[in-house]
Structure formats: structure tokens, C-alpha cells
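Enquirer: Structure in C-alpha cells, see below.
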């Protein structure tokens, strides 16, 4: 795939990593970055991720002329203003793709703002990331071997979908498809809930007057369990609210499981406790061996 | 420190790693392994962790003669039978140390079984481990830079305490001290609870008829969050029940935090959601930078 011109709106970890990945395989010509802060655009320039950068306060939509691909990688709460500005200026040749972690809300906003451009929008969610954020954290290999879930609409043009698949494949990703509602339900369970559980554990501990002594005695299990608790508060606030309904269902299911476990422990029901743990350990070992999670699971 | 003879009762991950660590610095002469299964003893022999191995069914207590250190590293549920067999045969020169993850129950069993040997028992908990277990998983560097929390009794002989500190230091660990009750309370929060939360997430997902589709879309966050969910079911069942009271307190506190978060999400209270996440992210980043968790946190 050869992209003559790519416009990346939101040059953070996800957007800048795409640009670096395509650069490294010479799959892209010109890359224009658009973002909130001049400081981050300057870092993206210094990293070689973009050729020039415009802030959202500037007349950035003129850069849409001639773009093959417009990648929207801003926090989901900003999609409405970005799409609203983008739609009237979109070049007839462009496809629009995104990297948002929730999809039903993105599809809703797209329907309300993109108008006749809607068939050229291909929503997607790359299952990758880092607790770090910003252009500084960008990495040309962020997508390599990782999954990108596309959630096309009934209106999505087959040619746009094919080009979006090519784009993500050129970044090194494996592409799959899901219905947007199904995506949000599954991601609530395997990503959004674990993030919130990790945030909660740390927040609860540091709320204690003697929290420092707790953290001072934490080890490697705590470290891995809470790695994702260092993630961006703004982004995860948005995800929690954007995927509210699915997340409340998952929190409810999890809470029921937690209550059942507490009962087993309270009643010293060794068999029930061990059965739950054995079920999890067996499944987690098989999942780790499957290689679905990532390339470095063998560590 | 030079140990002429070390007896390791329980040659699993923790016990065999101690032996390998002391071997690698030539701090130990003879190492005798005692364990449940001949197969695991044979693997420990093959790894060079022990010089000879006896099963618990054999007359292993004769090997206590001349031992400088007896390391008990069996699951905590087996301490009573091990201590009962060990006490009458203990050599006057020996100290007894252990590597159990809970300490009040260990101290209780020690008081009931060790009799006049009690002052020479120094309870300890190394804050290290792996989701893998057995002699195959042993690693000479498992303790390097990690913390070992000793929970001495009022009766503990100062000389025994000093030798236990030397032992763990020789394995590469940093040694600290806590009261046993305080240890159990803190570890319930920073280790036992996160393990159970990780087990629960995986167990809940694989209980669903479409659980495979959920796990098939999980990524790096799920991988790290659930790494500890591959840990030994037997060991974690024992820990959950041994530290029952402290764990129920922690589950209750966590459940309250989860309920509060669900309320915030339900009411679309963006400020409250972000405040909780920001508190956690800030604390987790500072903890990661502190190096307390482990040497490889920078990854």
C-alpha cells in the first residue's frame, strides 16, 4: 500500500505510532499532524512522525485536500467537533478511519456529523496501547502482530473498508471485524473493566493514611496487575462514560462473582475457592500459550 | 555467609531458587531436598539445586543432623505435619526459616508444634514469585533485589534472627521486618486481593458460553492484569483461607469502592470518575518510578 498523503488528527501514542510504522516501511509519502498542543506536535516532528503540524485552532481542514487517508486518533469525546469540521472539507478521494476504544458512540457521532461522507468512514479499534501517552511514547512497532477490530456500518463502502484493512495491515496489524455493539460488550469485559479494577485497587490503597506502607510492600504481582493503572485519566474517563451501559453490565457480573467468592472464603469452602482459581489458572495458561494476547507473553 | 548444610523442605519454585542462588555464590556446601513427589526431586537434582532428595514418606528427618539452616517452603497447609515431624529431630545448631505467604497462621502452627525449638524459628515472606511453579521454574536470581519480610516472634532468639537475615541477604534479597498481623493485613491488600481479582476476571469470562470470543479479543492490558491468574490453585486456595479475616476486610473495602465507581458511571459523573482514575494513575506512576516493585518496571 502506498499512501501519498496521510492526515493524522491527534498525534498521540496511537496516531504517531501509525505514522512511524508507515514511514518505516516507506508506505507513506507526506504526513500532516493535527493536534491540540503545539508542544506535542513539535515532539512528533522531532520524532520524524509528521512532516508538519497544525493545531486544531489553526485552519487545519485545508490540509484535507489530496489526503488519501484521514486518521482520527483524538480522545473519543472530541470526535464530534473533529468530524463536524472535517466533513465539509473532506477530499473525494479520502477515507476516514479512527482508533477509538469504543465504537457504538463513535458510529452515533459519525452518523450525526459526516453526512454524505459516512460511507467512507471505517471505524476501528487497535487492541494495543501503553500506559504511556503522547508522541514521545510513539513506537513504529506498536501495531506489529496486534489486532485491529473494524466495525463497519451497513453503509460503509466496500472499497473504503478494503483500503482501511490495507492501512492497518501496512502498520503491521492483523485485521478482524465485529459489529459495533458486540465490540463494545466484549471490550467492556476484557479491557475496560480490568482497567477500572486496576485503577480502583491503587486509588483505594492510596486513600489510606498508611497507604505508603502498603505500596512499600507490594511486589511483582501488584506491578503487573496495576501496570494499566498508570494509563491516561482523560482517556479512561471518556471510555468509562462512552461505554457506560456495557460496562455497568460487566461491573454487575463481576461484583456478583466477587460476592460469591467472599461467601466461599467466609464459609471456608476450600473446594469452591480452589475450583474458581483452577478454572481461571487453566484458562489463563491456555490463553497465554495461544499467543492471542501478544508476542511477549512467554516472558 | 557460609552454610555447610542446608535442608530444603519443599523444593518448588521458592525453595529450589534459594538453593540455586546460594550455589551460584558458593555460599552453601551440601543441599538436601525433601518433597512430596520423586519426579520434582529428580528435576531439582537435574537442575543442580540439591545434592540428594528424599520424599516426605521416607525417613527424611535424619537429614536434619548437622543442618545449619532448615528452609520450609511447602504450601502453608502442610506446615503442621512438617513442623511436627521436624521439631523432635532438629539439630541444636539449626535455625528454621520459611517462605510462606501468610504469617499469623504460620506463627500459630509454630507455637503449637515447635516446642523448645520455637526461638530458633524465624518466619519470613519473600515478596517474589512467578505464575510458574515447581523445581523446573526455579531461578537463581528470583530473590535478587526483592524484599523478604521477616516477622519474628517475641521469643525469637536474636542470633537466629541475625542468621536468617544473613541467609536471605545471601540469596540477593533486601530484608525488612513487620509484625505478623500487620504483614497479613498489608499482603491481603497488595498481593492476595489482586490475585483473587485476576482469577475472578478470567473465571467469570470463561464461564460464559461465548467466553472464547471474549478471550480472543483480549490484548496487552488483559495479559498483564491476568498474568498472576495462571498461578498455582492449591497455593492460592491455601492463602485465601489462611488469611481469611484480613482478606474479607479487603474484599469489603474494594467492593465499596467498586460500588461507588458504578454509581459515578451510572450518573455520568465524569469528574468523580476522572478523580478516581487520576489519583490511581499518579500514584502508580510514582510507585513505578520508585523501583519498589521490581527491577524491570521501566519496561
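Protein chains in written order, with our numbering: chain A, 47 to 345; chain B, 47 to 345.
Glycine residues also receive a C-beta, built at the ideal position from the N, C-alpha and C atoms.
Determine, using beta carbons only, whether residue 280(A) comes closer than 8 Å to chain B.
Expert: Taking the first chain and counting its residues from 1, one reaches residue 280(A) at position 234. So, interface residue.
Enquirer: So residue 231(A) packs on residue 304(B), CB below 8 Å; how close in whole Å?
Expert: Position 185 of the first chain, counting from 1, holds the residue named residue 231(A). Position 258 of the second chain, counting from 1, holds the residue named residue 304(B). About 19 Å; that fails the 8 Å criterion.
Enquirer: Under the three-state reduction of DSSP, which class applies to residue 52(A): helix, strand or coil?
Expert: Numbered from 1 along the first chain, position 6 holds the residue referred to as residue 52(A). Reduced to three states, the DSSP call for residue 52(A) is strand.
Enquirer: Comparing alpha-carbon positions, which option in 234(B), 153(B), 56(B), 82(B) lies nearest residue 289(B)?
Expert: As a working mapping, residue 289(B) is identified with position 243 in the second chain. With distances taken between Cα atoms, residue 289(B) lies closest to 234(B).
Enquirer: Could you please give the first and the last residue of the uninterrupted beta strand (DSSP E) stretch that includes residue 150(B)?
Expert: Locating residue 150(B) in the second chain gives position 104, counting from the first residue. Per DSSP, residue 150(B) belongs to no beta strand (DSSP E); it is in the alpha helix (DSSP H), 150-159.
Enquirer: Express the C-alpha separation of residue 175(A) and residue 51(A) in angstroms, rounding to a whole number.
Expert: For the purposes of this step, residue 51(A) is taken as residue 5 along the first chain, with counting starting at 1. For the purposes of this step, residue 175(A) is taken as residue 129 along the first chain, with counting starting at 1. Their Cα atoms are separated by approximately 25 Å.
Enquirer: For residue 273(A), would you say it is in contact with chain B, using Cβ-to-Cβ distances shorter than 8 Å as the test?
Expert: For the purposes of this step, residue 273(A) is identified with residue 227 of the first chain, where counting begins at 1. Judged by the 8 Å Cβ criterion, residue 273(A) is in contact with chain B.
Enquirer: With residue 80(A) and residue 102(A) assumed to form a contact (beta carbons below 8 Å), what rounded beta-carbon distance in angstroms separates them?
Expert: To locate residue 80(A), count along the first chain from 1; it is residue 34. To locate residue 102(A), count along the first chain from 1; it is residue 56. 6 Å between Cβ atoms; contact.
Enquirer: Suppose contacts are defined by Cβ-Cβ distances below 8 Å. Is residue 143(A) in contact with residue 210(A) by that definition?
Expert: Here the question's residue 143(A) lines up with position 97 in the first chain. Here the question's residue 210(A) lines up with position 164 in the first chain. Yes, they are a contact pair.
Enquirer: Alpha carbon to alpha carbon, how far is residue 123(B) from residue 280(B)?
Expert: For the purposes of this step, residue 123(B) is taken as residue 77 along the second chain, with counting starting at 1. For the purposes of this step, residue 280(B) is taken as residue 234 along the second chain, with counting starting at 1. Roughly 10 Å between the two C-alpha positions.
Enquirer: Find the residues of chain A that neighbour residue 262(B), judging by a C-beta separation of less than 7 Å, and give them in chain order.
Expert: In the second chain, residue 262(B) corresponds to position 216, counting from 1. Going along chain A in sequence order, the residues near residue 262(B) (Cβ under 7 Å) are 338.
Enquirer: Can you pull the chain B residues whose beta carbon is under 8 Å from the beta carbon of residue 81(A), in chain order?
Expert: One-based indexing of the first chain puts residue 81(A) at position 35. Chain B residues near residue 81(A): none, gap ~21 Å exceeds 8 Å.
Enquirer: Going by DSSP, name the residue or residues bridged to residue 193(B).
Expert: If you number the second chain from 1, residue 193(B) lands on position 147. Answer is 220(B).
Enquirer: From what residue to what residue does the alpha helix (DSSP H) around residue 128(A) run?
Expert: Start at 1 with the first residue of the first chain, and residue 128(A) comes out as number 82. Counting along the chain, the alpha helix (DSSP H) containing residue 128(A) begins and ends at 125-132.
Enquirer: Contact criterion: CB-CB distance below 8 Å. Does residue 266(A) meet it with respect to chain B?
Expert: Taking the first residue of the first chain as 1, we reach residue 266(A) at position 220. Cβ-Cβ to chain B under 8 Å: yes for residue 266(A).
Enquirer: Residues of chain A with CB closer than 8 Å to the CB of residue 299(B), please, in chain order.
Expert: Locating residue 299(B) in the second chain gives position 253, where the first residue counts as 1. By Cβ distance, chain A contributes 250.
Enquirer: Once DSSP output is grouped into helix, strand and coil, what is the label at residue 98(B)?
Expert: Your numbering for residue 98(B) matches position 52 in the second chain. DSSP places residue 98(B) in strand when its eight states are reduced to three.
Enquirer: List the residues of chain B whose Cβ lies closer than 9 Å to the Cβ of residue 221(A), in chain order.
Expert: Against the first chain, residue 221(A) aligns to sequence position 175. Result: empty, since nearest Cβ-Cβ is about 13 Å, beyond 9 Å.
Enquirer: Within 10 Å of its beta-carbon, does residue 313(B) have 16 or more other beta-carbons around it, so buried, or fewer, so exposed?
Expert: Working through the second chain from its first residue, we reach residue 313(B) at position 267. With fewer than 16 Cβ atoms within 10 Å of its Cβ, residue 313(B) is classed as exposed.
Enquirer: Taking its Cβ as the centre, do 16 or more other Cβ atoms sit within 10 Å of residue 140(B), making it buried, or is it exposed?
Expert: Position 94 of the second chain, counting from 1, holds the residue named residue 140(B). Buried.
Enquirer: Less than 7 Å between C-beta atoms, sequence neighbours within five positions excluded: which residues of the same chain meet that for residue 248(B)?
Expert: Your numbering for residue 248(B) matches position 202 in the second chain. Correct list, in chain order: 272, 275.
Enquirer: Along chain B, in chain order, which residues have C-beta atoms closer than 7 Å to that of residue 270(A)?
Expert: Position 224 of the first chain, counted from the start, is the residue given in the question as residue 270(A). Residues of chain B passing the Cβ test: 270, 273, 274.
Enquirer: By Cβ distance below 7 Å, which residues in the same chain neighbour residue 121(A) in space, the five residues on each side in sequence not counted?
Expert: Here residue 121(A) refers to the residue found at position 75 when the first chain is read from its first residue. Same-chain partners within the cutoff: 280, 281, 284.
Enquirer: Checking contacts by CB at 8 Å: is residue 329(B) closer than that to chain A?
Expert: Numbered from 1 along the second chain, position 283 holds the residue referred to as residue 329(B). Output row for residue 329(B): interface = yes.
Enquirer: Can you give me the C-alpha to C-alpha distance between residue 245(A) and residue 185(A), rounded to a whole angstrom?
Expert: Here residue 245(A) refers to the residue found at position 199 when the first chain is read from its first residue. Here residue 185(A) refers to the residue found at position 139 when the first chain is read from its first residue. Cα to Cα, residue 245(A) sits roughly 25 Å from residue 185(A).
Enquirer: Spell out whether any CB of chain A is found under 8 Å from the CB atom of residue 325(B).
Expert: The residue given as residue 325(B) occupies position 279 in the second chain. At least one chain A Cβ lies under 8 Å of residue 325(B).
Enquirer: Is it buried or exposed for residue 169(B), if we count other Cβ within 10 angstroms and need 16 for buried?
Expert: As a first step, residue 169(B) is located in the second chain; it is residue number 123 there, counting from the start. That one is buried.
Enquirer: Taking the alpha-carbon of residue 146(B) as reference, which of 311(B), 294(B), 195(B), 70(B) has the nearest alpha-carbon?
Expert: Stepping through the second chain from its first residue, residue 146(B) is reached at position 100. When only C-alpha atoms are compared, the closest one is 195(B).
Enquirer: Suppose the cutoff is 6 Å on Cβ atoms and the five residues either side in sequence are ignored; what does the same chain contact list for residue 343(B) look like?
Expert: Residue 343(B) sits at position 297 when you count from the first residue of the second chain. At residue 343(B) the pLDDT is 36, less than 50, meaning the model places this residue with poor confidence and gives no usable figure here.
Enquirer: Does any C-beta atom of chain B lie closer than 8 Å to the C-beta of residue 174(A)?
Expert: As a first step, residue 174(A) is located in the first chain; it is residue number 128 there, counting from the start. Yes, contact with chain B.
Enquirer: Tell me whether residue 104(B) sits in a helix, a strand or coil according to DSSP, three-state version.
Expert: Counting from one through the second chain, the residue named residue 104(B) turns up at place 58. If DSSP states are grouped into helix, strand and coil, residue 104(B) belongs with coil.
Enquirer: Please compile the residues from chain B whose C-beta is within a distance smaller than 9 Å of the C-beta of residue 195(A).
Expert: To locate residue 195(A), count along the first chain from 1; it is residue 149. What residue 195(A) touches in chain B: 263.
Enquirer: Compute the beta-carbon to beta-carbon distance between residue 296(A) and residue 251(A), rounded to the nearest angstrom, for a pair I have assumed lies under 8 Å.
Expert: Reading the first chain from its first residue, position 250 is the one you call residue 296(A). Reading the first chain from its first residue, position 205 is the one you call residue 251(A). Going by Cβ atoms, the distance from residue 296(A) to residue 251(A) rounds to 23 Å, so no, they are not a contact pair.
Enquirer: Using a Cβ-Cβ cut-off of 8 Å, state whether residue 314(A) counts as contacting chain B.
Expert: Working through the first chain from its first residue, we reach residue 314(A) at position 268. Interface residue, yes.
Enquirer: Report the neighbours of residue 190(B) on chain A: residues whose CB is nearer than 9 Å to its CB, in chain order.
Expert: The count along the second chain starts at 1 and reaches residue 190(B) at position 144. Within 9 Å Cβ-Cβ: nothing; residue 190(B) doesn't reach chain A, min ~12 Å.
Enquirer: Rounded to the nearest angstrom, what separates residue 119(A) and residue 180(A) at their Cα positions?
Expert: Start at 1 with the first residue of the first chain, and residue 119(A) comes out as number 73. Start at 1 with the first residue of the first chain, and residue 180(A) comes out as number 134. Straight-line Cα distance between these residues: approximately 11 Å.
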